[in-house]
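Numbering (this note's numbering), first residue to last: -10 to 122. Every residue, glycine too, gets a C-beta built ideally from N, C-alpha and C. Here is the structure we will look at.
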């Protein structure tokens, strides 16, 4: 049985829009869109992991809100992830792009126009339909 990687991601909302990030061509699943976040380290709490990841990726100190969704996903390659999505409506600092090819603020209804990671697709559809937030 394969190990399930636990991952956290932020739904950063400002003025009704959500921040989406595009992977570089050098990352796994290149040029796909995602919400910022990353792997939970051993012994780390999910919210603490997200604070760390958002600092590393975007240079902000985020206040992590409620968990919006928890989505298990098995990729065809055999790897599995458990994604924990949290709402972030407050953060200190200016968002800076430290690791991504592109960042965009997007109306929820526009999310389905982006080529998101397979594991994010159901959440993206739900957000675009006005569910969850």
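**Prompt:** How far does the beta strand (DSSP E) with residue 115 in it reach, from first residue to last?
**Reply:** Per DSSP, residue 115 belongs to no beta strand (DSSP E); it is in the alpha helix (DSSP H), 110 to 117.
**Same chain, Cβ closer than 8 angstroms to residue 3, neighbours up to 5 away in sequence not counted** = Cβ within range, chain order: 78, 94.
**Request:** Just the C-alpha distance for residue 97 and residue 52, rounded to the nearest angstrom, thanks.
**Result:** Distance from the CA atom of residue 97 to the CA atom of residue 52, rounded to whole angstroms, is 21 angstroms.
**Asked** Would you call the region 38 to 45 and the region 6 to 20 in contact, with 3 or more CB pairs under 8 angstroms?
**Response** Segment contact: the region 38 to 45 against the region 6 to 20, fewer than three CB-CB distances shorter than 8 angstroms; contact not assigned.
**Prompt:** In chain order, what residues of the same chain lie with their CB nearer than 7 angstroms to the CB of residue -1, ignoring the 5 residues before and after it?
**Reply:** Only residues of its own chain outside the window of five on either side were considered, and among them 24, 25, 26, 39, 43, 51, 75, 77 have a CB closer than 7 angstroms to the CB of residue -1, listed in chain order.
**Prompt:** On the three-pair Cβ rule with 8 angstroms, is the region 101 to 114 touching the region 58 to 74?
**Reply:** These segments touch.
**Request:** With distances taken Cα to Cα, identify the nearest neighbour of residue 56 among 116, 114, -3.
**Result:** That would be -3, whose Cα lies nearest to the Cα of residue 56.
**Item:** Inter-residue spacing [alpha-carbon to alpha-carbon] between residue 32 and residue 58
**Value:** One C-alpha to the other measures close to 21 angstroms.
**Prompt:** Sorry if obvious, but does the Cβ on residue 75 come closer than 8 angstroms to a heavy atom of the ligand NAP?
**Reply:** Judged by which ligands are present, the structure shown has none, so any question about the ligand NAP falls away.
**Asked** Which residue or residues does DSSP assign as beta-bridge partners of residue 103?
**Response** None, per the DSSP bridge assignment.
**Asked** Where do the ends of the beta strand (DSSP E) carrying residue 7 lie?
**Response** According to the DSSP assignment, residue 7 belongs to the beta strand (DSSP E) that extends over 6 to 11.
**Asked** Around the Cβ of residue 88, are there at least 16 other Cβ atoms within 10 angstroms (buried) or fewer (exposed)?
**Response** That one is exposed.
**Message:** Report the CB separation of residue -5 from residue 105 in whole angstroms; it is logged as a contact under 8 angstroms.
**Reply:** Cβ atoms of residue -5 and residue 105 stay farther apart than 8 angstroms, at about 19 angstroms.
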